[in-house]
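Okay, so the sequence shown: first residue is 62 according to the working numbering, each after it adds one. What follows is a short report on a single structure.
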Amino acid sequence: MKKMTILYKITFSALFIALGIILSRFFAGWNLFGLSFLKISLTMSVVFFASFYLGPLFGTIVSFSIDLFGALLIPQGGAYDFLYSIPAILEGFVPYFIYLFCYKTKIDRKFPIVLGILIIILNVIVFWFTLSHDTFKMTQNSSKVYEFTPALKAIICSVSAILSIVFYIGVIFFKKKFKDKKFNAYYNIYLVAIAIFATYFLVKVPISSLIFMYRLEYSYEIIFGTRALTGFFSSFVHLIIVCIALNVSLKAGSKGALIKYVEKDLVQKEEVVSNVRE
62 MKKMTILYKI TFSALFIALG IILSRFFAGW NLFGLSFLKI SLTMSVVFFA SFYLGPLFGT
122 IVSFSIDLFG ALLIPQGGAY DFLYSIPAIL EGFVPYFIYL FCYKTKIDRK FPIVLGILII
182 ILNVIVFWFT LSHDTFKMTQ NSSKVYEFTP ALKAIICSVS AILSIVFYIG VIFFKKKFKD
242 KKFNAYYNIY LVAIAIFATY FLVKVPISSL IFMYRLEYSY EIIFGTRALT GFFSSFVHLI
302 IVCIALNVSL KAGSKGALIK YVEKDLVQKE EVVSNVRE
């Protein structure tokens, strides 16, 4: 398996940036349900893959460049604002280190518990907001007050619970489907899932919601709640795309940024086995 050169990483970074801009500007669902802060895009799949495959530095360059040049070349909704780039920068930087931390601490052995705890915490937040509020304002300065009817509360809580269960079961099912793939020799689907899920819900959603609240004056709870509900579906889609892309990269014989740690451990295991035999 060949090691990637700097020129190789720069070339692929440029390709990822171009692909990310196209996906974010021409193949994204904007203003879902009439909310300017809510959109669905496959751009994060490109960013996650860049972080895992090229490493955190180039992952950050890719994510920031997509946001910057996308806003400058094809502006949508006003002039470029660096504040909106902050979560984008972190999206390219954080996943790599979350994966690496989970790999070093062998969290995958307790994957059902770890992912289950993360999902429960997120659901508790959504449930708390939904059940503890009878009314809410769409924006902080709005005079119009919306009502959380018992039926609406039940729908929101049910949708959140169902989506989280689907995500949880879907990851385990996807792991079994990749059981015999070359991917499993170098990557761990459970760790990829945790890295994507944690990045999305511990970095992207909280920070971007705070920025949207500051810039658009929407209620933070409304932004966080709606983005969290769509996050379960988005995270699973990103997981599938990223795993398929990493598997393709292995077939092409390219050594991703995370593989060096796996190879190092494999060498150490072989040395231990060899010493025991001697």
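Where is the CB? At the ideal position from N, CA and C, for every residue including glycine.
From the DSSP output, in three-state form, read off Lys265 for me.
-> Looking at Lys265 - three-state DSSP - the assignment turns out to be helix.
Buried or exposed (CB count within 10 angstroms, at least 16 for buried), Asn245 | The Cβ neighbour count for Asn245, taken over all protein chains shown within 10 Å, is under 16; the residue is labelled exposed.
Proximity below 9 angstroms, CB of Leu290 to CB of Ser221 | Leu290 places its beta carbon less than 9 angstroms from that of Ser221.
Have a look at Phe346 and Met105 and give me their C-alpha separation to the nearest angstrom.
-> Since the displayed the chain opens at 62 and closes at 339, residue 346 lies outside it and no answer follows.
Option in Phe262, Ser74 and Gly314 with minimal Cα separation from Val187 | For Val187, the closest C-alpha among the options Phe262, Ser74 and Gly314 is that of Phe262.
Hey, how far is the Cα of Lys330 from the Cα of Glu324?
-> Because Lys330 carries a pLDDT of 44, less than 50, the predicted location of this residue cannot be relied on, and the following value inherits that uncertainty. Taking the straight line from one Cα to the other gives about 10 angstroms.
Limits of the alpha helix (DSSP H) - the one that Gly231 falls within = Under the DSSP assignment, Gly231 falls in the alpha helix (DSSP H) whose first and last residues are Pro211 to Lys238.
Pick from Phe162, Ser225 and Tyr141 that is closest to Ile182, judged by C-alpha positions | Nearest C-alpha to Ile182: Ser225.
With respect to the alpha helix (DSSP H) encompassing Asp128, which residues constitute its N-terminal and C-terminal limits?
-> Pro117 to Leu134 is the extent of the alpha helix (DSSP H) around Asp128.
Report the partner residues of Thr196 according to the DSSP bridge assignment.
-> Its beta-bridge partners are Glu208.
What are the boundary residues of the alpha helix (DSSP H) that includes Phe88?
-> Annotation for Phe88: no alpha helix (DSSP H) segment contains it, and DSSP assigns it neither H nor E.
Unbroken alpha helix (DSSP H) runs of length 4 or more, entirely within the segment 157 to 194: which are they?
-> Listed in chain order, they are 172 to 193.
Using the rule of at least 16 other Cβ atoms within 10 Å of the residue's Cβ for burial, across every protein chain shown, is Glu282 buried or exposed?
-> Around the beta carbon of Glu282, a 10 Å sphere encloses 16 or more other beta carbons of the protein chains shown; the residue is thus reported as buried.
Compute the Euclidean distance between the alpha carbons of Tyr69 and Leu115, then round it to the nearest angstrom.
-> Answer to the nearest angstrom: the Cα atoms are 9 angstroms apart.
Under 8 angstroms Cβ to Cβ from Ala176, same chain only, skipping five residues before and after it: list those, please.
-> The amino acid occupying residue 176 in the given sequence is Leu; Ala does not appear at that position. Within the same chain, Leu176 has close Cβ partners Tyr229, Val232, Tyr251, Ala254, Ile255 and Phe258.
Ordered along the chain, which non-local residues of its own chain (more than five positions away) have a Cβ less than 6 angstroms from that of Phe78?
-> Note that residue 78 corresponds to Ile in the displayed sequence, not to Phe. The residues are Val123, Ser126 and Ile127.
Hey, Lys237 and Met65: beta-carbon distance below 9 angstroms or not?
-> The beta carbons of Lys237 and Met65 sit no closer together than 9 angstroms.
Residue span of the alpha helix (DSSP H) that contains Asn245, given as start and end | Element bounds for Asn245: Phe244 to Tyr247.
Over the uninterrupted alpha helix (DSSP H) stretch that includes Lys312, give me the two end residues.
-> Start and end: Tyr281 to Lys312.
Ends of the alpha helix (DSSP H) at Arg258?
-> Reading off the sequence, residue 258 comes out as Phe, not Arg. For Phe258, the enclosing alpha helix (DSSP H) has its first and last residue at Ile250 to Thr260.
Distance between Ile101 and Ala140 (C-alpha atoms, nearest Å) | If you take the alpha carbons of Ala140 and Ile101, they lie about 21 angstroms apart.
Buried or exposed: where does Phe158 fall if 16 or more other Cβ atoms within 10 Å of its Cβ makes it buried?
-> Of the other Cβ atoms in all chains shown, fewer than 16 fall within 10 Å of the Cβ of Phe158; this residue is therefore exposed.
Between the CA atoms of Ala313 and Leu213 - distance to the nearest angstrom = Taking the straight line joining both Cα atoms gives about 49 angstroms.
Is the CB-CB distance between Tyr311 and Phe113 below 9 angstroms?
-> Here residue 311 is Leu; the residue named in the question, Tyr, does not match the sequence. Not closer than 9 angstroms, so no.
CB-CB under 6 angstroms to Gly81, same chain, minus the five flanking residues each way: which ones, in chain order?
-> Correct list, in chain order: Thr104, Val107 and Ile127.
Who does Ser315 pair with in a DSSP beta bridge?
-> Beta-bridge pairing links Ser315 to Lys63.
Under the three-state DSSP convention, the category Val334 falls into | Its pLDDT being 36, under 50, Val334 is placed unreliably by the model, and the measurement read from it follows with that caveat. The DSSP-derived three-state label of Val334 is helix.
Between the Cα of Ser296 and those of Phe110, Thr72, Ala75 and Ile83, spot the shortest distance and give me the residue it belongs to.
-> The shortest Cα separation from Ser296 among Phe110, Thr72, Ala75 and Ile83 belongs to Phe110.
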